[in-house]
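Undergrad: Numbering (our numbering), first residue to last: 92 to 744.
Got a structure for you, written out below as structure tokens; questions coming shortly.
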């Protein structure tokens, strides 16, 4: 009997070692959230994170980043679900950074609605999306991983297993190298993992998520039904002396059930018992497992309790060779102190890093100082330490390249509803008193197509206490300021001309109070459809800044006098790329492709075009079939047998 016990123990040990050693490319890391989780690539704030952020993450002793992407919203929709070239333009750069830094990166298809069931025909989207990703990245390094779908739910395990298997096969027809991350139903929970099919493909990782006990990890969460916003102060581990009463509105709900169970579940033994089921499943199936998400929402939880929960879970993972990525890096579950500006050198939650076994960078005290020079709010991207904060029900594109006033892009906003907002949140509150008192202006280029349009631009100060409110300083842009004739116009508004605009706070309106706005603590800048719904109104904004100097060419943006062919993007490109050209008058335009020896390969475009900027998506396979080999090519724009401009393009199959 003793020999049998030792033999069984040895077998389990060897299975664990095999499962671990056969996949040891990464150990721990973070989810980089709220970056690519946008409604379209046009709404991604690409510079929200940079290569420097990846360097910072690596310095914490992390070797993997899970990148949630709302992939299904990055496509043209049915039937082809063609991925927008702008997404490739952004994603390629992130993968380049990861490979340069030797960081593993998981492309997580985070097309996810927690309140809506996963569609039974989701495979009709998953297959074309993953075919495109596999085709684009099949020759990239093995640092890149493909995660088919985040947290499927409301769909049977048998159907999901079949769909997931079909997607694996679609990927493997193109890419046999990269590791695929698969999961079970039930929001990828522990119980869902145990129902997942064990596929024949051995280059897979089986992922699960862990947020248990849910009453503790999600106290304060507004996105569950019913909302848990009124759940607060749940201790971990369970302590009857600290346990708050359950608010009466939860009586008779599932929240009351988990509240009643918390005295037996809110402890280390129960957490270990749940995670042990993952280990048992892994060992019995001889598979690789990975915890893609785990965490505690910080809004209503005590930091010491959060830290204790993370310590217990992380130590269990490490002791049992479970790979992991915390949800998330910045945000409500993140590694930074609650209510901070989330600055790497100032705001890291040191006790939490210790609990996670991460490196601890030196931290400094931050001191707000008055701005003494102007700064950019937007020029192709939001300015430094500025995050987008949007409420929009119309169409919003931060990367309109049809005719920017400056640079490569401008902001295009149309069909905004009343009170919709384009917000620029200053991560560090601004002290603008010096700029206010020394003749600085808000300056921007603006264009619109509809007379009698009125919008507000405004600054919002900070809410310092329960009795304080986020007060506004406003300026109205209307026909007296701008001629809405669909041409770019440069405007400059002295900061001293902004007037008190009241406050909207906690569902209540507060009338303006002269002098109450605090210029020493400005939280954000906003462009607002304050006066009416802007149906059919096209608005464009570019080069928004606070400055005391006007640009040399403020009065007129010169129109080009000749035909111009602009650099395509993305470049290099795979199946498709965007080509843009300008013609100074109505002309017949040809755009042709040549090899580097000047031999004509084929015609890309042939037609007559009016004065102005034009752009189109060139699909290589549709235009030239599949005969075009990878390589460098010359693209030329011609009219009346004369070559006007050319660009160099790099095509990669």
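No residue lacks a Cβ here, since even glycine has one placed at the ideal position from N, Cα and C.
If you're wondering where the values come from, they're calculated on a predicted model, not measured in any experiment.
Taking one C-beta from the segment 442 to 449 and one from the segment 398 to 409 each time, how about it: are there three or more such pairs within less than 8 Å?
TA: yes
Undergrad: Determine, using beta-carbon pairs with one atom in the segment 209 to 221 and one in the segment 239 to 256, whether at least three such pairs fall under 8 Å.
TA: Taking a cut-off of 8 Å for Cβ pairs, the segment 209 to 221 and the segment 239 to 256 touch, as three or more such pairs fall below it.
Undergrad: How big is the Cα-Cα spacing for residue 268 and residue 503?
TA: Cα to Cα, residue 268 sits roughly 41 Å from residue 503.
Undergrad: Put residue 547 into one of helix, strand or coil per three-state DSSP.
TA: Residue 547 falls in the strand class under three-state DSSP.
Undergrad: Could you check the C-alpha separation between residue 247 and residue 276 for me, to the nearest Å?
TA: 7 Å
Undergrad: Along the chain, where does the alpha helix (DSSP H) that runs through residue 368 open and close?
TA: 359 to 376
Undergrad: Please report the residue range of the beta strand (DSSP E) in which residue 728 lies.
TA: For residue 728, the enclosing beta strand (DSSP E) begins and ends at 722 to 730.
Undergrad: For the ligand MN, is there a heavy atom less than 6 Å away from the beta-carbon of residue 478?
TA: Ligands displayed in this structure: none; no statement on the ligand MN is therefore possible.
Undergrad: Kindly provide the ranges of any beta strand (DSSP E) runs that are 3 or more residues long and lie completely inside the segment 544 to 611, ordered along the chain.
TA: 546 to 552, 563 to 568, 580 to 585, 594 to 596, 599 to 601
Undergrad: Taking its Cβ as the centre, do 16 or more other Cβ atoms sit within 10 Å of residue 575, making it buried, or is it exposed?
TA: buried
Undergrad: Just to confirm the assignment: which complete beta strand (DSSP E) runs, minimum length 3, are found wholly within the segment 430 to 493?
TA: 466 to 470, 477 to 482, 486 to 491
Undergrad: Distance, Cα to Cα, residue 552 vs residue 614?
TA: 5 Å
Undergrad: Quick one: give me the first and last residue of the alpha helix (DSSP H) that residue 146 is part of.
TA: 142 to 150
Undergrad: Output the distance between the C-alpha atoms of residue 117 and residue 348, rounded to the nearest integer angstrom.
TA: 38 Å
Undergrad: Starting from the C-beta of residue 570, find all residues in its chain whose C-beta is less than 7 Å away, skip the five residues before and the five after it, and write them out in chain order.
TA: So the qualifying residues of the chain are 542, 543.
Undergrad: What's the gap between the Cα of residue 286 and the Cα of residue 245?
TA: 14 Å
Undergrad: To the nearest angstrom, how far is it from the Cα of residue 112 to the Cα of residue 147?
TA: Per-residue confidence for residue 112 stands at a pLDDT of 38, beneath the threshold of 50, marking its modelled position as unreliable; the derived number appears in the next sentence. In a straight line, the C-alpha of residue 112 is about 27 Å away from that of residue 147.
Undergrad: Which first and last residues belong to the beta strand (DSSP E) in which residue 507 is found?
TA: Residue 507 -> beta strand (DSSP E) spans 501 to 507.
Undergrad: Are the CB atoms of residue 317 and residue 344 within a distance shorter than 7 Å?
TA: yes
Undergrad: Do the segment 151 to 159 and the segment 461 to 480 meet, that is, are 3 or more Cβ pairs less than 8 Å apart?
TA: no
Undergrad: Using a Cβ-Cβ cutoff of less than 7 Å, which residues in the same chain neighbour residue 589 once the five nearest sequence positions on both sides are dropped?
TA: 550, 564, 565, 566
Undergrad: Between residue 226 and the rest of its own chain, which residues show a CB-CB distance below 6 Å, the 5 nearest in sequence each way excluded?
TA: 265
Undergrad: Report the option in 562, 351, 622 whose CA atom is closest to the CA atom of residue 600.
TA: 562
Undergrad: Pick helix, strand or coil for residue 112, following the three-state DSSP scheme.
TA: Annotation note: pLDDT 38 at residue 112 (below 50); position unreliable, no value reported.
Undergrad: Between residue 379 and chain C, is any beta-carbon pair separated by less than 7 Å?
TA: The structure shown contains no chain C, having only a single protein chain.
Undergrad: According to the neighbour-count rule (16 or more other Cβ atoms, all chains shown, within 10 Å of its Cβ), is residue 150 buried or exposed?
TA: exposed
Undergrad: Tell me the DSSP secondary structure of residue 104 in three-state form.
TA: Reliability of the predicted coordinates at residue 104 is poor, the pLDDT of 42 falling under 50, and the value obtained from them is presented with this limitation in mind. DSSP places residue 104 in helix when its eight states are reduced to three.
Undergrad: So, with DSSP's three-state summary, where would you put residue 223?
TA: helix
Undergrad: Return the residue from the list 629, 611, 153, 638 that minimises the CA-CA distance to residue 583.
TA: 638
Undergrad: Between which two residues does the alpha helix (DSSP H) carrying residue 315 extend?
TA: First-last for residue 315: undefined, no H or E at that position.
Undergrad: What is the DSSP secondary structure of residue 529, reduced to helix, strand or coil?
TA: coil
Undergrad: Roughly how many angstroms separate the alpha carbons of residue 476 and residue 631, rounded to a whole number?
TA: 23 Å
Undergrad: Roughly how many angstroms lie between the CA atoms of residue 696 and residue 680, to the nearest whole one?
TA: 8 Å
Undergrad: At the level of alpha carbons, what is the spacing between residue 469 and residue 635?
TA: 5 Å
Undergrad: By a C-beta neighbour count over all protein chains shown, 10 Å radius and 16 as the cutoff for buried, is residue 538 buried or exposed?
TA: buried
Undergrad: Looking at residue 336 and residue 511, is the spacing between their C-beta atoms short of 7 Å?
TA: With respect to the 7 Å criterion, residue 511 and residue 336 are not classified as neighbours on the basis of their beta carbons.
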